[in-house]
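The structure appears below as structure tokens.
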Amino acid sequence: MIAKDFGQLLNERGAHMTAKNLVIVESPAKAKTIEKYLGRNYKVVASLGHIRDLPKSQMGIDFDNNYAPKYISIRGKGDVIKDLKKAANKAEHIYLAADPDREGEAIAWHVSHILNLDPKDKNRVVFNEITKDTVKNAFKSPRSIDMNLVDAQQARRILDRIVGYSISPLLWSKVKKGLSAGRVQSVALKLIIDRENEIRNFKPEEYWSLDAEFKKGKSAKFAASFYGLNGKKTPLPNNDKVQDVLRGIDKKKPFAITNVVKKERKRFPAPPFTTSSMQQEANRKLGFPTRKTMMLAQQLYEGINLGGKQGTVGLITYMRTDSTRVSSVAKTETSKFIHEKYGEPYAAVKIRQGKMQEGAQDAHEAIRPSSTYRTPESLSKILDKDQMKLYRLIWSRFVASEMTPSVVNTVQVTLQQNEATFRANGSQTKFAGFTKLYVSSRDEAAKDNLLPDLKVGDEAMLVKTDPAQHFTQPPARYSEANLVKALEENGVGRPSTYAPTIATIEKRYYVKMTAKRFEPTELGEIVNNLIVEFFPDIVDIKFTATVESELDSIETGKTHWVKVIDDFYQPFKREVATAEKGIEKIQIKDEPAGFNCDVCGAPMVIKLGRYGKFYACSRFPNCRNTKAITKEIGVICPKCGKGQVVERKSKRNRTFYGCSRYPDCDFVSWDKPVGRNCPKCGHFLVEKRSRGKVQVVCPNNDYKEETVKA
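For the sequence shown, our numbering assigns the number 24 to the initial residue and increments by one for each residue that follows.
Spelled out as structure tokens, the structure:
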């Protein structure tokens, strides 16, 4: 009996040593998390993203054979492919568990091709969150690869390749090397330049406001603003009109309270995040660039080691989604949490379904925590600073979306004397509701503005008036959040493409960030003008949005991908032929720098390079002396005490501060030094800028000075 049990134990151990099931995902972090859930009968390995793609050295599309793509193994992936084949030969079952979207489906399809698997086999496993129960349940019902999803991804890849590999060489030969054009990036660039042209062409118009202070008897003073004449709204275009109004007011006579309107107003919480709304809110509230937000979200989704029995757990659901839908299980858990944490009055009674964006695929749930009970506070010692900021944002937004609306009592009082009508608006929060936890960056928390008890027939005396001149302002340049919103609203691209799109136009120096807003460069305007003239469809928002809709129709099986490509390519190739003949060589002239080369004595010039403008010797290539363009800020270097602190630009065009004596002194700071030291520790102080405000802080401790307007 003992021998039999020992033999059985050996057999079981042997089975575990060679896993029967091979699971292939994209990333090592995801592989590590999933393997812990599945147990020793499963070996989970990573393909490290795509393993096949179109070749970099050529178009890679057979135009004479229904646009068939010519896929090759990606350079540098040879060892990965070799290891995948080796592991596959030892496994009885192979599962493809790449991400649950078009890109993930395409990766699974490419892997199945490399391993000679039948795409019709039921070996595709998908899950929206990486938690133990969800992953295990997903493996109970694998499906075959969805070729509609694969075809949609292929069509996007081929379209982007046709555009990029057709227009980019033209830009190289006619403008300068290193440039590129793309189906989505060209629209993003045009939006930025169109906004810049609006700003340039804007003509400010004068207008005035007339605020006033009133008092009823011995009660507190309250503010009101001029509304109009004889109860009708009247604009104040200039000071003459303001003076006319003031002359009609008798300061010795009271104003009559002619109307008091009291209302109860409800504010409902925003729905949980989609990819786009998460990118926008993280940019507005946290100052995160889109690329950083997606990188952090990927980490939270793939899994964080919580230690102890919990091990590695995916903290949020899949972060590429355009849906606000939430599972009933998550709703139930969250309702229970809200009851326990905040009480019954804060838990929403009716189940709310978020309004879907037009054209949304609704393939996945909204972005939410995998467990509401995994609060930010419980993870404070586990997540790093930036992970915590994003997780707290996602967690708070989701929990708030399941809470009751806030209730605000509002009152509007109308004051009348002769022809002049003023209005005072008051508000008081009756019930905080969801605002107890979260308020979006677009909606400020309701601030109480209490008015004295005023009734129709009461009188109030005018204490003082405060007329002010204003001018209409041009539209603001796009921030990352606003650009993402504009792309999404116009149906251009998909939220998952926005981060690489924005990174590309910055990398090509088509735009630069000025005060956290996109400003087009001279190079960006040259490229945009050429594309607008010779490839109008590429930058036409409606045309690009139509292409996105057609890609969606491929995904649902309504349209064949070859037809979508052909409908696009036939007119496009004629535009390319016209452009090859019509675009003339553009010479970007060097600007005189105003000083001579310290190597050979020849005049220095300002050149436009890959990462922006720089100083170079006019005798190039005979003299290769170059210098970065810097600007002194009037502060002595806090490290060496000899050089000046200068403003520099990184390769991503981000402003930073360094010592003018570099490389002899390697001082560097992302924040602007102010030339003073911290009274607590002696570390140099820096400026932190946020939403038009500046605060001097110590990067070494919690010392902060009063915030002022920038």
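Glycine included, every Cβ here is placed at the ideal spot set by N, Cα and C.
According to the DSSP assignment, Val-570 belongs to no beta strand (DSSP E) but to the alpha helix (DSSP H) extending over 564-578. In terms of Cβ geometry, Arg-348 and Glu-304 do not form a close pair [threshold 8 Å]. Annotation for Arg-270: the continuous alpha helix (DSSP H) segment containing it runs 262-270. In the assembly as shown, Asp-87 is an exposed residue. Its beta-carbon has fewer than 16 other beta-carbons within 10 Å.
The alpha carbon of Asp-267 has as its nearest neighbour, out of Lys-276, Thr-257 and His-583, the alpha carbon of Thr-257.
Residue burial is scored here from C-beta neighbours: His-133 has at least 16 other C-beta atoms within 10 angstroms and is therefore classed as buried. Pro-696 sits close to Val-668, with the two beta carbons spaced by under 8 Å. Straight-line spacing of the CA atoms in Val-585 and Lys-93 works out to 15 Å.
The Cβ atoms of Lys-412 and Leu-309 sit closer than 8 Å to each other. Per the coordinates, the alpha-carbon of Ser-394 lies some 20 Å from the alpha-carbon of Ala-293. Under the three-state reduction of DSSP, Ile-525 is assigned to helix.
In this structure, Leu-214 keeps its C-beta atom at 8 Å or more from the C-beta atom of Ala-639.
Note on geometry: alpha-carbon atoms of Gly-72 and Val-103 lie some 10 Å from one another. Remark: C-beta atoms of Tyr-65 and Val-48 do not approach each other more closely than 8 Å. Ile-185 is positioned such that its CB atom lies no closer than 8 Å to that of Pro-295. DSSP places Lys-404 in the coil class of the three-state scheme, outside both helix and strand. Cβ-Cβ distances below 6 Å link Phe-225 to Pro-497 in the same chain, with the five nearest sequence neighbours on each side left out; the list follows chain order. Only residues of its own chain outside the window of five on either side were considered, and among them Ala-235 have a CB closer than 6 Å to the CB of Thr-488, listed in chain order. In the assembly as shown, Gln-81 is an exposed residue. Its beta-carbon has fewer than 16 other beta-carbons within 10 Å. Scanning Gly-127, Thr-298, Asp-471 and Tyr-90 for the CA closest to the CA of Tyr-521 turns up Thr-298. In this structure, the alpha-carbon of Met-342 lies about 13 Å from that of Lys-315.
The DSSP assignment places 482-494 as complete runs of the beta strand (DSSP E) inside the segment 465-510, in order along the chain (cut-off: 3 residues). When the alpha-carbon of Ile-528 is set against those of Arg-166, Pro-78, Asn-160 and Arg-206, the nearest one is in Arg-206. Phe-595 is the residue among Phe-595, Asp-481, Gln-451 and Lys-478 whose C-alpha sits nearest the C-alpha of Leu-182. In the structure shown, Phe-557 falls within a helical segment according to DSSP collapsed to helix, strand and coil. When secondary structure is reduced to three states using DSSP, Asp-409 falls in the helix class. Thr-601 carries a helical assignment under DSSP once its states are collapsed to helix, strand and coil. Distances from the CA of Asn-139 to each of Lys-109, Val-149 and Gly-201 were compared; the closest alpha carbon is that of Lys-109. Annotated as proximal: Val-628 and Pro-615, with beta-carbon spacing under 8 Å. Here Pro-368 is exposed. Its C-beta has fewer than 16 other C-beta atoms within 10 Å. Of the residues Arg-179, Lys-113 and Gly-271, the one whose Cα lies closest to the Cα of Ile-577 is Arg-179. At the C-beta level, Val-534 and Gly-514 stay beyond 8 Å of one another. Per DSSP, Arg-314 is one residue of the alpha helix (DSSP H) stretching across 313-325. The C-beta separation of Gly-635 from Lys-665 comes to about 27 Å, leaving the pair out of contact by the 8 Å criterion.
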